[in-house]
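Below you'll find the structure, written out as structure tokens, and then a few comments.
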């Protein structure tokens, strides 16, 4: 496991389009429909990363709470499943069922979507306003598997609350997420 932060890139970029299969249903879903009608969170994650495992229960609760308030929530796994079979499509379906995901868990087999979003780690969060402009690239909260900080999503919560209230999200003070590197294909 290589400890990797979110790639620092300028905010304001338009959400790159994609169509990917949803591990929950098997259906191909596209970003235009998934990100319609409100702000959106896109998180690159996987099944096995200890940083994702550490926050997944809180993340599932967060997503359900904020989806009910009008936020779109999308999870994408882009890991190389040949070398990391625990992140395979069937295993994604199992995790989504076990944890009762209320959001799509999409499989980026080509890794093209991860590249287009400049995703680097799991978890890697990008938040987009209702117009599809990126306003946040940062951490869920300050909790890590190696510290005693509670998992509560306070950083992401602050951003999503502001967007849902029609307020702007300040670019300063955004702390990069940190986790395992995305397992790129050779």
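In the numbering used here, the protein residues as written are 37 to 222.
No residue lacks a Cβ here, since even glycine has one placed at the ideal position from N, Cα and C.
Following the DSSP letters along the chain, one finds residue 131 inside the alpha helix (DSSP H) bounded by residues 125-134.
For the pair residue 99 and residue 222, the Cα-to-Cα distance works out to about 33 Å. Of the residues assessed, residue 66 falls on the exposed side of the cut-off, its CB having fewer than 16 other CB atoms within 10 angstroms.
When the beta-carbon positions are compared, residue 170 and residue 40 stay at least 8 Å from each other. In this model, residue 164 and residue 118 are separated by some 31 Å (Cα to Cα). Take residue 124, set aside five residues on each side of it, and the residues of its chain with a beta-carbon closer than 6 Å to its own are 117, in chain order.
Counting along the chain, residue 160 sits inside the beta strand (DSSP E) bounded by residues 160-164. Look at residue 59 here: in three-state DSSP terms it is coil, with no helix or strand label. Beyond the five residues adjoining it in sequence on each side, residue 211 comes within less than 8 Å, by CB distance, of 174, 175, 178, 191 in the same chain, given in chain order. Two segments are said to touch when three or more pairs of C-beta atoms, one from each, lie closer than 8 Å; by this definition the region 119-139 touches the region 50-59. Note on residue 110: 16 or more other CB atoms within 10 angstroms of its CB, so buried under the neighbour-count rule. Listed in chain order, the beta strand (DSSP E) runs fully inside the region 81-154 are 108-113, 141-143, counting runs of at least 3 residues.
Looking only at 141, 217, 96, the smallest Cα-Cα distance to residue 63 is reached by 141.
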